[in-house]
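For the sequence shown, position 35 (counting from the first letter as 1) is numbered 35 according to full-length UniProt numbering, and the numbering increases by one without interruption.
First up is the structure itself, then whatever we jot down about it.
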Amino acid sequence: MAKMLMYAAGERPVAEPIAGSRSVARAVAFIEASFAQPVSLAMLAATAGLSVSRFATLFRQEVGISPHRYVCLVRVRHAQALLRNGVPPSVVATEVGFFDQSHLGRHFRRTVGVTPGDYVARPSLVSC
């Protein structure tokens, strides 16, 4: 169902199921539902019912990456879908919660390995 993305060493694919505590599961569900809005660590910790420091530690232990990085990966995953559907990168950036196209480009390149423009221009990448 979900498409697999390329990730930096030590990161888990977003599509991989996350087994762990209910607290982290609630935060992950919140991220998946609210990725396009500003998502703060304090918001996520409150959703999980934990202190900020405890939440950040538990999230990293269970998911393998920081909450911020996970939010960025979810945004990039959704950006890929929009780009595949022909939405321009400048529109995609704001639709998925990045500040601007440059912000999208930085995170997209770090995650996927190419810029959003190259991703659309190379059909072999889009069909992954």
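Using N, Cα and C, we set each Cβ at its ideal position, and we do this for glycine too.
(1) Between T47 and the rest of its own chain, which residues show a CB-CB distance below 8 Å, the 5 nearest in sequence each way excluded?
(2) If you follow the alpha helix (DSSP H) that D100 is in, where does it begin and where does it stop?
(3) In whole angstroms, what is the alpha-carbon distance linking A121 and G113?
(4) Does Q61 come out as helix, strand or coil in the three-state DSSP assignment?
(5) Under 8 Å, with one C-beta from each stretch per pair, do the region 34 to 54 and the region 90 to 98 reach the 3-pair mark?
(6) Using 8 Å for Cβ pairs, my map puts L41 next to S23. What's the rounded Cβ distance?
(7) Confirm, please, whether the CB-CB distance from A79 to L104 is below 8 Å.
(8) From G64 to S53, what does the alpha carbon distance come to, in whole angstroms?
(9) Taking the alpha carbon of A32 as the point to measure from, which residue in V71, S66 and E62 has its own alpha carbon closest?
Short version:
(1) Same-chain partners within the cutoff: R26, A27 and F30.
(2) For D100, no alpha helix (DSSP H) segment is defined, and its DSSP state is neither H nor E.
(3) The straight-line gap from Cα to Cα measures roughly 14 Å.
(4) Three-state DSSP puts Q61 in a helix.
(5) Segments in contact, yes.
(6) Not really, about 14 Å apart at Cβ, beyond 8 Å.
(7) For L104 and A79, yes; Cβs fall inside 8 Å.
(8) Each residue's alpha carbon lies about 16 Å from the other.
(9) The residue you asked about is not Ala; residue 32 is Glu in the sequence shown. Nearest of V71, S66 and E62 to E32, Cα basis: V71.
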